[in-house]
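Take the position in the sequence shown, starting the count at 1, then add 70; the result is the number in the numbering used here. Note sheet for the following structure.
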Amino acid sequence: MLAAVVHLFGATGAKGQDADLEELAWIAGHWGGDAFGGQIEEAWFSPAGRSMSGSFRLVRDGLAIMYELLLLEQDDDGEIYYRFKHVGRGWEPWEEARLEYRLTALEGRRATFRSTAEAPPPNAPWWFTYESPTGAELLVTIHGSGGGDPTVLSMTRR
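Quick look at the structure:
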């Protein structure tokens, strides 16, 4: 079943390889909201040097408990990748290798990224979307490797 999902949603987007990183500039900015039992923040720099970098933070009960280092990068082959790494308090990594996702669809202000791994680590997404319907809100919909309902992070511009 999982193989069928990966096959169905592999590289079937309206845009992917022919996209330009500048088309993702709408993600840039400082975003925040409530999720995972706390407050979340995500901040992105504007595109420069064929990349966009960012960070994510989860604060629960007044204590930052998780961070992510984020990178959108357009490689020499023209493909756009979303790479990130989780770290916890004390800068302890959650996984050995970075997580890597390829842009498979880009339609306006909606981008879909799918894992490049045969099987992402436990608790890592298989795929996710970034969407900004109004420009003032950012929705990140995460489809986990465990199946079930997706997690939707709703953030507003700060």
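We treat Cβ as the ideally placed atom computed from N, Cα and C, and that holds for glycine. All figures in this text were calculated on a predicted structure; none of them were measured in a lab.
Legend entry - Status (buried if at least 16 other CB within 10 Å, exposed otherwise) for Glu112: What you label residue 112 is simply residue 42 of the sequence shown in a count that begins at 1. Buried, because 16 or more other Cβ atoms sit within 10 Å of the Cβ of Glu112.
Inset, instruction - Below 8 Å on the Cβ atoms is my guess for Arg153 versus Glu165; work out the distance and round it to an integer in Å. - result: In the sequence shown, residue 153 corresponds to position 83, counting from 1. In the sequence shown, residue 165 corresponds to position 95, counting from 1. Wrong, their Cβ atoms sit about 12 Å apart, outside the cutoff.
Legend entry - Arg130 classed as buried or exposed, judged by whether at least 16 other C-beta atoms fall within 10 angstroms: Position 60 of the sequence shown holds residue 130. Around the C-beta of Arg130, fewer than 16 other C-beta atoms lie within 10 Å, and the residue is accordingly described as exposed.
Legend entry - Buried/exposed call for Trp161, threshold 16 Cβ in 10 Å: Your numbering for residue 161 matches position 91 in the sequence shown. Result: exposed.
Legend entry - Residues bridged to Phe126 [DSSP beta-bridge criterion]: Looking up residue 126 in the sequence shown gives position 56. Beta-bridge annotation (DSSP): Phe126 is paired with Glu112, Glu138.
Inset, instruction - Pull up the distance between the alpha-carbon of Phe115 and that of Glu92, whole angstroms please. - result: Counting from 1 along the sequence shown, the entry for residue 115 is found at position 45. Counting from 1 along the sequence shown, the entry for residue 92 is found at position 22. As the crow flies, the alpha-carbon of Phe115 is around 12 Å from that of Glu92.
Legend entry - Cα-Cα separation between Glu149 and Met122, rounded to whole angstroms: Along the sequence shown, read from residue 1 onward, the residue named residue 149 stands at position 79. Along the sequence shown, read from residue 1 onward, the residue named residue 122 stands at position 52. Whole-angstrom Cα-Cα distance: 14 Å.
Inset, instruction - Report buried or exposed for His100, applying the criterion of at least 16 other Cβ atoms within 10 angstroms of its Cβ. - result: Taking the sequence shown and counting its residues from 1, one reaches residue 100 at position 30. His100 should be labelled exposed.
Inset, instruction - Starting from Trp197, trace the beta strand (DSSP E) both ways and give me its first and last residue. - result: In the sequence shown, the residue the question calls residue 197 occupies position 127. Boundaries of the beta strand (DSSP E) harbouring Trp197: 195 to 201, taken from the DSSP string.
Inset, instruction - Closer than 7 Å by C-beta to Gly124: which residues in its own chain qualify, once you throw out the five before and the five after it? Chain order, please. - result: As a first step, residue 124 is located in the sequence shown; it is residue number 54 there, counting from the start. Take Gly124, set aside five residues on each side of it, and the residues of its chain with a beta-carbon closer than 7 Å to its own are Glu112, Ala113, Trp114, Phe115, Leu140, in chain order.
Legend entry - Boundaries of the beta strand (DSSP E) in which Ile97 is found, first to last residue: Numbered from 1 along the sequence shown, position 27 holds the residue referred to as residue 97. That residue, Ile97, is in no beta strand (DSSP E); it is neither H nor E in DSSP.
Inset, instruction - Use the C-beta contact count for Gly83: other C-beta atoms within 10 angstroms, 16 or more gives buried, fewer gives exposed. - result: Against the sequence shown, residue 83 aligns to sequence position 13. A caution first: Gly83 carries a pLDDT of 42, below 50, which makes its placement in the model too unreliable to give a value.
Legend entry - Local Cβ density within 10 Å of Ala194, reported as buried at 16 or more and exposed below that: Within the sequence shown, residue 194 is the residue found at index 124, counting from 1. Classification of Ala194: buried, given that the 10 Å Cβ count is 16 or more.
Legend entry - Separation of Gly119 from His106, as counted between CA atoms: Taking the first residue of the sequence shown as 1, we reach residue 106 at position 36. Taking the first residue of the sequence shown as 1, we reach residue 119 at position 49. Here residue 106 is Phe; the residue named in the question, His, does not match the sequence. Distance between Phe106 and Gly119, taken at the CA atoms: about 33 Å.
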